[in-house]
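Worksheet: the structure to be examined is printed underneath.
There are 2 protein chains.
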Amino acid sequence: MAYRQTNRVKEKLDLRKKEIIKAAREVFAENSYQGTSIKALAKKAKIATGTFYLYFSNKDALINMIVDEMFQELLKSIKNERAKFTDGFDKLKASMEACIKLFIKEKNMAKILLVQVPSVNNAFNAKLVEIENELIKLTKEDLDELKSQGRLPGEDTLVSAMAFVGSFHQVIINWLREGKPENLEEAFETLMKYNIRGLGK
Amino acid sequence: MAYRQTNRVKEKLDLRKKEIIKAAREVFAENSYQGTSIKALAKKAKIATGTFYLYFSNKDALINMIVDEMFQELLKSIKNERAKFTDGFDKLKASMEACIKLFIKEKNMAKILLVQVPSVNNAFNAKLVEIENELIKLTKEDLDELKSQGRLPGEDTLVSAMAFVGSFHQVIINWLREGKPENLEEAFETLMKYNIRGLGK
DNA sequence: TAATAAAGTGAATTGCGATTCATTTTATAA
DNA sequence: TTATAAAATGAATCGCAATTCACTTTATTA
């Protein structure tokens, strides 16, 4: 016998896998998921097309991994920021601020996630919807808590949560798509005011 | 010479074209635009696949015609309802009510337009974005008018308009996707209250 | 009713991009 | 240094769906 994968090689492979993901994020953001062939992706990642399949079973596996990573990062960031507050309104604000900050930091990633929203395949679409619904659910929990404290009017918190998340979604989408509003952080302040009033504080 | 298209035939062709569009709306709503082949569409429309190309130059031409029709219907409906009012807030409410009513009436259509949002091709995507932006623009005009009357705080009306439209968008999307909220008309009332407060009336 | 043109048909073609695979290169260990 | 297994390569294959086209059917008019 002669050859057992050594640590040095393992690290090299790990690195290369990360490079492929990085390249994928870039080309997917430039073109779209659908619009980029494995060939083009491979070119960007500086590997042969066949090599791609040594790292991912297929194109879907790749996009799923990317979306999962994004989702995890988003949730982690939200949880981190929320932990700093106890008041319901503060937590709500912290959540959305975490989103905004992450999107600013990872604009490319956000484009894939939010702008391209490709109906690519059911599994992928379902994942995006799941993320959105998770955010709505988290928001609804905050609203229910505030409502139980008598700090919000007795309206349907599900609809309010959707309105809340939807308003952010729309502004972020437009910012990603056409750069309007120019300053997302500034828009965030307006948006928060809008929604806090909307909730009926 | 022998044969000139007669009126009877012209009408038959017109009818068939409409049937194809109707069938397309149905299958696109069931599966997606991308997910339905011309063959499947033809089957639904009870024509041969080749016949499709006698009516449309290609698949894109079809979806563009459908989206255009939807857009026209939506704008017409909005304008109709708005014309009944002069007060800014009333016009705003009338616009959104017109949207909601049309979406309820044309749920299938709405699914294609809003849920599938396929990144299919740039031209198509651009059209969807255009529709959304048009709505935001119309809303912004209303807000600017209200602002000039001193009936709204001095915040960025573009961001407010996006928040307004986005909140509706989100609720409608969720209603289409998973049937929550169950009663869209009821949600509409909550949403209007939310947004009127949000605007800072 | 016969000649002709429009309308319709669906199997065959085409094109495109994901995936495979025979071959080459690189890394490991005896 | 050599034998062997892993990793990489990219041209060839495969599959799928849009589009075409040779042929059939239907409608019109002389």
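If you read the protein sequences in the order shown, they are chains F and C. Heads up: the first sequence runs through residues 8 to 208, numbered per our numbering. Heads up: the second sequence runs through residues 8 to 208, numbered per our numbering. Note that beta-carbon positions come from the ideal geometry of N, C-alpha and C, so glycine has one too.
**OP:** Hey, could you find the ends of the alpha helix (DSSP H) residue 204(C) is sitting in?
**Re:** 191–206
Original post:
Does DSSP put residue 126(C) in a helix, a strand or coil?
Top reply: Legend: pLDDT at residue 126(C) = 49, less than 50; position of this residue unreliable, value from coordinates given subsequently. Residue 126(C): coil per DSSP, three-state reduction.
Original post:
Touching or not, the segment 137–152 of chain C and the segment 82–101 of chain C, by the rule of three or more beta carbon pairs under 8 Å?
Top reply: yes
Original post:
CB-CB under 6 Å to residue 195(C), same chain, minus the five flanking residues each way: which ones, in chain order?
Top reply: 107
**OP:** For residue 164(C), count neighbouring C-beta atoms within 10 Å of its own C-beta (all shown protein chains included) and say buried if the count is 16 or more, exposed if not.
**Re:** buried
Original post:
When the cut-off is 8 Å and only beta carbons count, does residue 166(F) lie next to chain C?
Top reply: yes
Original post:
Looking only at C-alpha atoms, which of 84(C), 88(C), 89(C) sits nearest to residue 113(C)?
Top reply: 84(C)
Original post:
Taking only beta-carbon atoms, is residue 77(F) less than 8 Å away from chain C?
Top reply: no
Subject >> Reference residue 62(C), options 43(C), 135(C), 25(C), closest by Cα >> reply: 25(C)
Subject >> Residues in the segment 196–208 of chain F having any Cβ partner in chain C nearer than 8 Å >> reply: 197, 198, 200, 201, 202, 204, 205, 206, 207
**OP:** For residue 181(C), collect the residues of the same chain with a Cβ closer than 7 Å to its Cβ; drop the 5 residues on either side in sequence, then sort them by chain order.
**Re:** 187
Subject >> Within chain F, the residues that residue 173(C) reaches when beta carbons sit closer than 7 Å >> reply: 173, 174, 176, 177, 178
Original post:
Beta-carbon separation of residue 199(F) and residue 116(F) under 8 Å?
Top reply: no
Original post:
By the criterion of Cβ-Cβ separation under 8 Å, what are the contact partners of residue 187(F) in chain C?
Top reply: 165
Original post:
Which class does residue 117(F) belong to by DSSP, given the choice of helix, strand or coil?
Top reply: helix
**OP:** Pick helix, strand or coil for residue 40(F), following the three-state DSSP scheme.
**Re:** coil
**OP:** Consult DSSP for residue 32(C) and reduce its assignment to one of helix, strand or coil.
**Re:** helix
**OP:** Express the C-alpha separation of residue 36(C) and residue 30(C) in angstroms, rounding to a whole number.
**Re:** 10 Å
**OP:** Would you mind stating whether residue 51(C) and residue 34(C) have Cβ atoms separated by less than 8 Å?
**Re:** yes
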